[in-house]
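Chains as they are written, first to last, in the working numbering: chain A, 225 to 354; chain B, -9 to 114.
No residue lacks a Cβ here, since even glycine has one placed at the ideal position from N, Cα and C.
Note that the coordinates shown come from a computational prediction; the quantities given were computed from them, not determined experimentally.
Read the structure below first, then the notes.
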Amino acid sequence: MSIQKEFNKIIDRKELTLSQNSDNFIKHIEKIYEDLVSTPHFNDEDVVLEDSGVFFFHKETKEQLSWLIVVMLKIYINQLGHKASHVIENKTLLGHIQAQEYSCLGVQYHMLINEYGDHKFIFEEDVSSE
Amino acid sequence: MSQVNNFNIYDLPKQYLEDISESFHDEGASTIFVDDYIQEIIESLESSELHNVEELVFKFSKLASFFSRLKNETDKLYGDLLLEKFIDQADMVADGVIEDHESIPFKRTNISELERVLKLFEEE
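So this is what it looks like as structure tokens:
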């Protein structure tokens, strides 16, 4: 239980680091995410993403796998302190990652996500200046 | 039409459903393992013709899809109904219609902070 608490804790950082290896890793993970979310899946059927070997049948499994990637990237940023938002192009994934980066940097924000996955941020410093 | 290998595929989950239904409201009931029921069916299929098994895979896939979607949509409906009930209860407690007690999970609170933030998003 104590280990889980540690993993859930946001690690405060003054800045996030840049690394080519990290950027390559994140781009690779984003590719799998893109493959998952862009695969049409009106009726459940066996789908194999050939580049990664990821396999699923149910639409719900596809959505759960996509969310797992978001969670893993958030943990990656939190635990290793690497910046990721500068290389991510998928707007939904980018929103989740920006939120994690803001949290790690101690930025106070409010976030709204619409039905298309678009994220909108309002920052507390903007609030206090009004 | 759905008769393959001398059995009706719609009858396959019958015993499993009956057995788990008995434990629906009984937390102390022993765990029923779905794999035990599946294993029994698979053993009965082992001597089947290839084309029959292929047909079963197709039909089971469609059934799995149907029940998976149905389960998830029913779950959403259940969640919506539960949320509606809890909000109504919170309103009734706040209005003094019913007494607050442990089984009421929601409390009606001051929503001015939420309104302030939503207004900021609207202005943005």
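query: Can you list the residues of chain B that I346 of chain A reaches, using a CB-CB cut of under 8 Å?
result: V107, L110, F111 and E114
query: So does N(-2) of chain B have its beta carbon nearer than 6 Å to some heavy atom of the ligand GDP?
result: What this structure holds is no ligand at all, so the ligand GDP is not there to describe.
query: Is the Cβ of M(-9) of chain B closer than 7 Å to any Cβ of chain A?
result: Only weak support exists for where M(-9) of chain B lies, its pLDDT of 45 falling under 50; the value from the coordinates is given anyway. By this cut-off, M(-9) of chain B is not an interface position.
query: Using DSSP with H/G/I as helix, E/B as strand and the rest coil, what is F(-3) of chain B?
result: strand
task: Inspect the beta-carbon positions of S290 of chain A and L329 of chain A and report whether they are closer than 7 Å.
output: no
field: Beta-carbon spacing of H306 of chain A, S243 of chain A below 7 Å
entry: yes
query: Which whole runs of the alpha helix (DSSP H) in the stretch 244 to 268 of chain A are 4 residues long or more, in chain order?
result: 244 to 262
query: Taking C-beta to C-beta, are Q322 of chain A and S309 of chain A nearer than 7 Å?
result: yes
- prompt: Where does D9 of chain B land, buried or exposed, given buried means 16+ other C-beta within 10 angstroms?
  reply: exposed
task: Take K255 of chain A as the anchor and find which of A:L318, A:N302 and A:K238 has the nearest alpha-carbon.
output: A:L318
task: Excluding the 5 residues preceding and the 5 following F96 of chain B in the sequence, name in chain order all residues of the same chain whose CB lies nearer than 8 Å to its CB.
output: F76, I77, Q79 and A80
DSSP three-state assignment for L67 of chain B, whether helix, strand or coil: helix
Cutoff 7 Å: S58 of chain B Cβ touching any chain A Cβ: yes
- prompt: Just checking, does the stretch 54 to 68 of chain B make contact with the stretch 27 to 39 of chain B on the three C-beta pairs under 8 Å criterion?
  reply: no
field: Same chain, Cβ closer than 8 Å to M(-9) of chain B, five either side skipped, listed in chain order
entry: Below a pLDDT of 50, predicted positions are generally treated as unreliable, and M(-9) of chain B, at 45, falls in that range; no measurement from the model is reported.
- prompt: How about K251 of chain A and H265 of chain A: are their beta carbons less than 7 Å apart?
  reply: no
field: Euclidean distance between Cα positions of L292 of chain A and Y257 of chain A
entry: 9 Å
query: Listed in chain order, which residues of the stretch 40 to 70 of chain B have Cβ atoms closer than 8 Å to some Cβ of chain A?
result: S51, A54, S55, S58, R59 and N62
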